[in-house]
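Remarks on the structure that follows.
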Amino acid sequence: ASPIFDQPAWVAGGERWVTCWAAPAGYRLAVAGLGSWFVSQDGGQIGGQPPPEADAGLVRQVALGPALILALALRGIYCLHASAVQLPQGVVVFVGESGQGKSTLAQYLAGQGERRIADDLLPVVATPAGVLARPYFPQLKFAPQQQPAAGLAAELPVAAVVRLADDTAEISLARLPAQQAILTPVHHTAAARLFAPPLLARQLAFGRAVAGRVPVLRLDYPRRYEQLPAVWERVKGVGG
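Those letters in the sequence shown? Residues 62 to 301, per my numbering, in order.
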């Protein structure tokens with residue numbers, strides 16, 4: 062069968078050739094220099110065959126990166142490229158392209174006494190009762206003893222999703238139109254290029270569920286540190 066994905070990608074701290082196939086039993090993932098990996102169709106099992114000479118730290122990053130992200134997606138839990146903070150009304154999730162300020166904003170809010178719960182990837186699941194964040198996902202930017210989820214509940218209600226957009230002269234925060242709201246969590250799902258068509262269809266349903274249950278907003282603001290207090294004033298009530 063033809064692979065779903067067969068090209069270079071950023072994995073384990075570097076650009077490596079990645080090939081992914083889907084079959085009835087599950088997915089097979091090959092990462093150049095770091096072995097072959099299998100994820101069962103129900104996401105319940107991950108197996109790896111790294112070469113003996115492979116660096117153990119890089120192998121761990123594959124296992125906790127694309128392999129685990131794919132397994133969670135098969136279980137209906139999608140990892141968003143996001144930073145997030147816990148506010149009184151729930152978790153506010155910040156998504157955006159690389160370099161748009163997700164980490165800077167979350168770090169600033171943490172400095173204001175709010176609890177940062179993610180700074181890279183955040184697993185999110187849409188349930189009939191609402192949208193839930195599952196913060197216990199390894200944040201590879203942090204040492205094990207510095208993981209931001211330490212001491213938190215296993216599931217936290219999401220109050221809003223905020224898409225960071227343009228660097229503008231004025232601060233603007235507004236709800237996205239329905240179609241853009243649906244596509245925001247879809248567009249910012251990690252490893253979605255590895256998804257076969259049935260999983261892509263379920264991912265789109267996830268986007269619809271998120272947009273139907275929590276506000277999805279667009280935030281434009283000046284990318285200057287002195288503007289962050291004013292940004293915080295606009296953001297802190299979202300989803301309340």
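Virtual Cβ for every residue (Gly too), placed ideally from N, Cα, C.
For residue 120, the three-state secondary structure derived from DSSP is helix. The C-beta of residue 188 has fewer than 16 other C-beta atoms within 10 Å across all chains shown, which makes the residue exposed. Contiguous alpha helix (DSSP H) elements confined to the stretch 116–172 occur at 117–123, 129–135, 163–172, taking only those with 4 or more residues.
Residue 296 places its beta carbon 7 angstroms or farther from that of residue 282. When rounded, the separation of the alpha-carbon atoms in residue 130 and residue 139 is 7 angstroms. The stretch 208–221 and the stretch 141–155 touch, with no fewer than 3 CB-CB distances between them shorter than 8 angstroms. In the assembly as shown, residue 163 is a buried residue. Its beta-carbon has 16 or more other beta-carbons within 10 Å.
Excluding sequence positions up to five before and after residue 300, its CB lies within less than 7 angstroms of the CB of 150, 151, 153, 220, 221, 275, 276, all in the same chain and listed in chain order. In its chain, beyond the 5 residues on either side, 253, 264, 265, 267, 268 have a beta carbon closer than 8 angstroms to the beta carbon of residue 247.
In the same chain as residue 89, and ignoring 5 residues on each side of it, the C-beta atoms closer than 6 angstroms to its own belong to 82, 99, in chain order. When beta bridges are read from the DSSP output, residue 182 appears opposite 142. For residue 282, the beta-bridge partners assigned by DSSP are 228.
The Cβ-Cβ distance between residue 133 and residue 73 does not fall below 7 angstroms.
Assignment of residue 89 by DSSP, reduced to helix, strand and coil, places it in the strand class. Residue environment for residue 196: buried (at least 16 other C-beta atoms within 10 angstroms of its C-beta).
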